[in-house]
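Peer 1: Residue numbers (the numbering used here), protein chains in the order written: chain A, 17 to 338; chain B, 19 to 344.
Even glycine gets a Cβ: it sits at the ideal position worked out from N, Cα and C.
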Amino acid sequence: MNISNDEKIALLKKMILIRLFEEKTESLFYEKLIPGFVHLSIGQEASTVGSCASLRTDDYIISTHRGHAHILAKGAEPKYMFAECFGRTTGYCKGKGGSMHIADFSKGILGANGVVGGGFPIMVGAGLSIKLRKTDQVGMVFFGDGASNRGTFHEAVNMAAVFNLPIVYVCENNRWASTSPAEKMVAGGSIAGRARSYGIPGYSVDGSKVLDVMDAVTEAIERARSGKGPTIVETETYRYKGHFEGDRQKYRTQDEIHNYRITRDPIDRFETLLVDEGVLTKESAAAIWEETKVFIEEAAQFGLDSPFPEPEDALNDLFVNP
Amino acid sequence: MAVRELSCSLAMAEALKEEMERDETIFILGEDLNTHGGIFGQFRGLPKLFPERIIDTPISETSIVGAGVGAALTGMRPIIDMHFADFVTTAMDEIVNQMAKIRYMFGGQASLPLVLWAPDGGGINAAAQHSQCLESWMVHVPGLKVVVPFEPADVKGLLIAAIRDPDPVIFFQHKRLFNWTGPVTEDQGIIPLGKGIVRRPGTDVTLITYSRMTYECMEAARELAKKGVQAEVIDLRTLSPLDFDLIVESIKKTRHAVVVHEACRTGGFGSELSARVSEELFDHLDGPVVRVAAKDVPMPFSPVMEKFVLPQITDIFAAVDTVLKR
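1) Going straight from the alpha carbon of G140 (chain B) to that of T227 (chain B), what length do you get?
2) Can you pull the DSSP bridge partners for W135 (chain B)?
3) Which residues bound the beta strand (DSSP E) around L71 (chain A)?
4) For chain B, check one thing: does any of its Cβ atoms lie closer than 8 Å to the Cβ of M139 (chain A)?
5) Which residues share a DSSP beta bridge with T203 (chain B)?
6) To the nearest angstrom, report how far apart A118 (chain B) and K245 (chain B) are at their CA atoms.
7) What are the uninterrupted segments assigned as alpha helix (DSSP H) that are 4 or more residues long and contained completely in the stretch 216-284 of chain B, given in chain order?
8) Where in the stretch 32-59 of chain B do unbroken runs of the alpha helix (DSSP H), each at least 4 residues long, occur, reported from the N-terminal end onward?
9) Can you pull the chain B neighbours of Y214 (chain A), defined as C-beta to C-beta under 8 Å?
10) Can you look up V173 (chain A) in the DSSP assignment and give me helix, strand or coil?
11) If you check the beta carbons only, do V159 (chain B) and T256 (chain B) fall under 8 Å apart?
12) Run through DSSP, which three-state label would W192 (chain A) get?
13) Between the Cα of V310 (chain B) and the Cα atoms of B:N197, B:F196, B:L91 and B:F335, which residue gives the shortest distance?
14) Any beta-carbon of chain A closer than 8 Å to the one on A180 (chain B)?
15) Quick check: what's the CA-CA separation for E267 (chain B) versus P306 (chain B)?
16) Here's the rule I'm using: 16 or more other beta-carbon atoms within 10 Å means buried, otherwise exposed. How should Q317 (chain A) be labelled?
17) Terminal residues of the continuous beta strand (DSSP E) containing E250 (chain A)?
18) What is the rounded straight-line gap between the Cα of S194 (chain A) and the Cα of D183 (chain B)?
19) Quick check on this structure: which residue in B:T221, B:P321, B:V21 and B:V87 has the alpha carbon closest to the alpha carbon of V187 (chain B)?
20) Using a C-beta cutoff of 8 Å, does D75 (chain A) count as contacting chain B?
21) Could you tell me whether the Cβ atoms of E234 (chain B) and F190 (chain B) are closer together than 8 Å?
22) When DSSP labels each residue in this structure, what does I178 (chain B) get in the three-state scheme?
23) Give me whichever residues DSSP pairs with G218 (chain A) in a beta bridge.
24) Taking the continuous beta strand (DSSP E) assigned at F159 (chain A), which residues delimit it?
25) Are R218 (chain B) and M231 (chain B) closer than 8 Å when you measure CB to CB?
26) In chain A, what lies closer than 7 Å to F45 (chain B) by C-beta?
27) Would you grab the beta carbon distance between V173 (chain B) and L134 (chain B) for me? Rounded to a whole angstrom, and I think it's under 8 Å.
28) For F45 (chain B), count neighbouring Cβ atoms within 10 angstroms of its own Cβ and tell me buried if that reaches 16, exposed if not.
29) If the criterion is Cβ atoms closer than 8 Å, does the pair I248 (chain A) and R210 (chain A) meet it?
30) Using the C-alpha atoms, what's the distance from S20 (chain A) back to T269 (chain A)?
31) How about A275 (chain B) and T340 (chain B): are their beta carbons less than 8 Å apart?
32) Rank A:M17, A:R191, A:I216 and A:N275 by C-alpha distance to the C-alpha of N174 (chain A) and give the top, closest one.
33) Thinking just about the alpha-carbon of each residue, which of A:F121, A:V131, A:V132 and A:G133 is nearest to the one in L130 (chain B)?
34) Hey, out of B:W155, B:M30 and B:R22, whose CA is closest to D111 (chain B)'s CA?
35) I'd like the ranges of any beta strand (DSSP E) spanning at least 3 consecutive residues and lying wholly in the stretch 83-129 of chain B.
36) Starting from N115 (chain B), find everything on chain A with Cβ-Cβ shorter than 7 Å and list it in chain order.
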């Protein structure tokens, strides 16, 4: 990917922002300040940031239960996300959604969806809408290896291909669908390979290299924007944390996780590359981490300082016209 | 304005044509729309007028309904043709977890102006998988509006209201009413959602009903009148929102209530009506609320058995007898 140094630094900053947001979320969860379920995507930052890098604000994304990173990468503000995770009125959904259901329609974020594979059909509609309104927007569906086995995947990708819709399917294959390994659950072994049967392009890419992801997904975005239809991009990635916080992870060894962290951490890799290329010094890289930490602390504090809703607020927002 | 005698199908097609001419964001999505004008002829004439906005899809009900949700979220007003109401089962996640929840779950950020049009009902020998009335499922999910029209004028007026409504509307239309005709004025405008109507005034017993059973209730009321029983027939027209005030007013007058619907009895909307009338109008009742409904089995194929399972006019007489004897 031929991009400027500033753009490279922006990619690194975004990955660091996501990493620190997720780590802060984890600690807040264990401090019992975040109720409910929390699904973290630490380890998958390059996949997400590379995918969103060439999207415009008016492009659409649909995210998953493991969605904080997608939402941040598309431009949502951490302080409103934290507030939502705390169930406060200032949250993106005024405390009605929580960690699993954050949306910011003003930034094209059509929501994190708590149903695995729930986003596929919805984006078909957004794609049709783009086509009918004759704009050059693009829709991106994030999903995992697990969701690729839902019937919604087949119906939606077939329909997107038949209607030549401007949609990019980004499969973040983190190797584990909850507790089940992809190699045992995905027939044929390749999710990108399924593209062939729909007559659309499918690419597999190293999800720990942000520039590689950006390269592949940008091409897919450009195809979609220029009216050439949908693409599937499968990023080979890995999540360091459990399916949810509190998951005892009996299905994999600590060695497996450790090995990924040591050899394929997306942020380590990119930071090292930028230092080696002379784009950054070690000191300036450290400064990014420090600044971002302060920013995340402030964002979390904003959430903690925000009021809880009144219980009766539960009765609002069901209908526009009740 | 001229009054025409129109079938429910034609009333529907007329509403769609007028609305699609008025608003370019309206489009219809479903299977087999263009070649046949819909399997019940309800879209006849429209494909020629709006070739880009009548969209035939693959047989993919999950994606069709989900696409309606996505299009509604991004500036369009989709009308989803469900083919048969029974097929909502193939898109229940899209209806229950997505369509009904997205506005609320995201704190009111979005509105979902869409109509899911679903032809329901039995009596056409279509057997178990093409004959159901599933309105009580939809009423049970907060976030959905549910319309169950009877007269052609209501089909038109309520469909216009449903299309213009900013929230998701499930529009059940009984298959046996497609050729049912009635007067429709040329300028038939909106009939607001949530407003029932007294089809026939009476003083002795209230028959609360909707959709095709309105016909059976009107027939029953005519027969009962010959025996000196004046039945008031209420056609609810929409179940969510529900015009409970109309029911209150009527029962305060008649002190007796029978609920009649074609859906099977257990857990049907009649159960909800009966419970609410008991809770809120107990002192105004001179007897229990009795339900007339289909028997609790899937719809059998053989016409002999189907007739036995579906509620008949004689069941309404029996229910009225029971209520009035108490």
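Peer 2: Taking the coordinates as given:
1) Your numbering for residue 140 (chain B) matches position 122 in the second sequence. Your numbering for residue 227 (chain B) matches position 209 in the second sequence. Answer to the nearest angstrom: the Cα atoms are 16 Å apart.
2) Within the second sequence, the letter at position 117 stands for residue 135 (chain B). Answer is B:D99 and B:F189.
3) Reading the first sequence from its first residue, position 55 is the one you call residue 71 (chain A). Segment: none, L71 (chain A) is in no beta strand (DSSP E) and carries neither H nor E.
4) Working through the first sequence from its first residue, we reach residue 139 (chain A) at position 123. Cβ-Cβ to chain B under 8 Å: yes for M139 (chain A).
5) Within the second sequence, the letter at position 185 stands for residue 203 (chain B). The partner list for T203 (chain B) (beta bridge, DSSP) reads B:V21.
6) Looking up residue 118 (chain B) in the second sequence gives position 100. Looking up residue 245 (chain B) in the second sequence gives position 227. Distance between the alpha carbons of A118 (chain B) and K245 (chain B) is about 46 Å.
7) 231-244 and 262-272
8) 51-54
9) Numbered from 1 along the first sequence, position 198 holds the residue referred to as residue 214 (chain A). Here the premise fails: no neighbours, minimum Cβ distance about 11 Å.
10) Here residue 173 (chain A) corresponds to residue number 157 of the first sequence, with the count starting at 1. Correct three-state label for V173 (chain A): helix.
11) In the second sequence, the residue the question calls residue 159 (chain B) occupies position 141. In the second sequence, the residue the question calls residue 256 (chain B) occupies position 238. No.
12) Taking the first sequence and counting its residues from 1, one reaches residue 192 (chain A) at position 176. In this structure, W192 (chain A) counts as strand in the three-state DSSP scheme.
13) Within the second sequence, residue 310 (chain B) is the residue found at index 292, counting from 1. Looking at the Cα atoms, B:F335 is the closest of the given residues.
14) One-based indexing of the second sequence puts residue 180 (chain B) at position 162. No, A180 (chain B) does not count as interfacial toward chain A.
15) For the purposes of this step, residue 267 (chain B) is taken as the residue at position 249 of the second sequence. For the purposes of this step, residue 306 (chain B) is taken as the residue at position 288 of the second sequence. One C-alpha to the other measures close to 17 Å.
16) As a position in the first sequence, residue 317 (chain A) is number 301, starting the count at 1. With fewer than 16 other Cβ atoms within 10 Å, it is exposed.
17) Along the first sequence, read from residue 1 onward, the residue named residue 250 (chain A) stands at position 234. Counting along the chain, the beta strand (DSSP E) containing E250 (chain A) begins and ends at T247 to E252.
18) For the purposes of this step, residue 194 (chain A) is identified with residue 178 of the first sequence, where counting begins at 1. For the purposes of this step, residue 183 (chain B) is identified with residue 165 of the second sequence, where counting begins at 1. Looking at the two C-alpha atoms, the distance is approximately 40 Å.
19) One-based indexing of the second sequence puts residue 187 (chain B) at position 169. The option with the nearest alpha carbon to V187 (chain B) is B:V87.
20) Here the question's residue 75 (chain A) lines up with position 59 in the first sequence. No - not a single Cβ of chain B is within 8 Å of the one on D75 (chain A).
21) Stepping through the second sequence from its first residue, residue 234 (chain B) is reached at position 216. Stepping through the second sequence from its first residue, residue 190 (chain B) is reached at position 172. No, the Cβ-Cβ distance between E234 (chain B) and F190 (chain B) is not below 8 Å.
22) Sequence index remark: in the second sequence, residue 178 (chain B) carries index 160 (1-based). Three-state DSSP puts I178 (chain B) in a helix.
23) Here residue 218 (chain A) refers to the residue found at position 202 of the first sequence. In DSSP, G218 (chain A) forms a bridge with A:I248.
24) Taking the first residue of the first sequence as 1, we reach residue 159 (chain A) at position 143. It spans G155 to G160 - the beta strand (DSSP E) in which F159 (chain A) sits, taken as one unbroken run.
25) Within the second sequence, the letter at position 200 stands for residue 218 (chain B). Within the second sequence, the letter at position 213 stands for residue 231 (chain B). No, the pair does not count as a contact, with Cβ atoms beyond the cut-off.
26) Residue 45 (chain B) sits at position 27 when you count from the first residue of the second sequence. Correct list: L148.
27) Against the second sequence, residue 173 (chain B) aligns to sequence position 155. Against the second sequence, residue 134 (chain B) aligns to sequence position 116. Incorrect: roughly 15 Å between the Cβ atoms, too far for contact.
28) In the second sequence, counting from the first residue as 1, residue 45 (chain B) sits at position 27. Buried.
29) Against the first sequence, residue 248 (chain A) aligns to sequence position 232. Against the first sequence, residue 210 (chain A) aligns to sequence position 194. Yes. Within cutoff.
30) Here residue 269 (chain A) corresponds to residue number 253 of the first sequence, with the count starting at 1. Here residue 20 (chain A) corresponds to residue number 4 of the first sequence, with the count starting at 1. Answer to the nearest angstrom: the Cα atoms are 40 Å apart.
31) Here residue 275 (chain B) corresponds to residue number 257 of the second sequence, with the count starting at 1. Here residue 340 (chain B) corresponds to residue number 322 of the second sequence, with the count starting at 1. Contact flag unset, no.
32) Locating residue 174 (chain A) in the first sequence gives position 158, counting from the first residue. The option with the nearest alpha carbon to N174 (chain A) is A:I216.
33) Translated into the one-based positions of the second sequence, residue 130 (chain B) becomes position 112. When only C-alpha atoms are compared, the closest one is A:F121.
34) Locating residue 111 (chain B) in the second sequence gives position 93, counting from the first residue. Selected option, being the one with the closest Cα: B:W155.
35) 95-99
36) For the purposes of this step, residue 115 (chain B) is taken as the residue at position 97 of the second sequence. Those within 7 Å of N115 (chain B) in chain A are V131 and G134.
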